[in-house]
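Position in the sequence shown counted from 1, then plus 47, gives you our numbering. Right, one structure below, let's go through it.
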Amino acid sequence: MRILYTLAAASIGGLIGLKLKLPAGAFIGAMFASALYNIILGSGYIPFEMRICAQIVIGAYIGLSFSKESIGQIRDMIGPIIVMVLGLFLASILLGLFVSKVTGVDLVTSMLGSSPGGLTEMSIIADSYDADVSKVVIMHLMRLIGVVVILPALIRKVIEIFGSF
């Protein structure tokens, strides 16, 4: 029954997240609702096998975003992509070291929380590395809120100053 109650709480939260039009609303709503359920009742439970199934579904969904055309477009962008990836890796490592040093949070959790990745994907990776998933989620949730709330205004300002390329 614990599985059913956990899934019911997650489903209700997911629907609320969608209704509120949150970014990744189903995921974030389900996450908050199941966390709240577990915090209040302490009996939330999802078996390991279900987590594996969820990872397979998410992997398939992401994989389906690729097409022959999108792969072909990468050729024109390979140089900037390599620079971007290396820069993000360096920034993630430095930020992870900084967060770990300042907060005392273990290095794996700090580095995964500082890495540029989707909330869902980084949560799954954190779980597989035995990192503190809740801390990784909190760091990525704050980043996501910042991106959704602040970044659009910053982009408008940059375009206003530099014009559109």
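Glycine included, C-beta positions come from ideal geometry on N, C-alpha and C.
- One alpha carbon belongs to M48, the other to G110, and they sit about 33 Å apart.
- As the crow flies, the alpha-carbon of V146 is around 6 Å from that of S157.
- Approximately 6 Å separates the beta-carbon atoms of V183 and S170; this is inside 8 Å, confirming the contact.
- Distance from the CA of S211 to the CA of G126, rounded to the nearest whole angstrom, comes to 22 Å.
- Apart from sequence neighbours up to five positions away, the residues of its chain that approach Y84 with a beta-carbon distance below 6 Å are A56 and G91, ordered along the chain.
- Note on geometry: alpha-carbon atoms of I86 and I121 lie some 44 Å from one another.
- Around the beta carbon of I75, 16 or more other beta carbons sit within 10 angstroms, so the residue counts as buried.
- Between the C-alpha atoms of L135 and H187 there is a straight-line separation of about 15 Å.
- A straight line joining the alpha-carbon of T167 with that of S114 spans about 22 Å.
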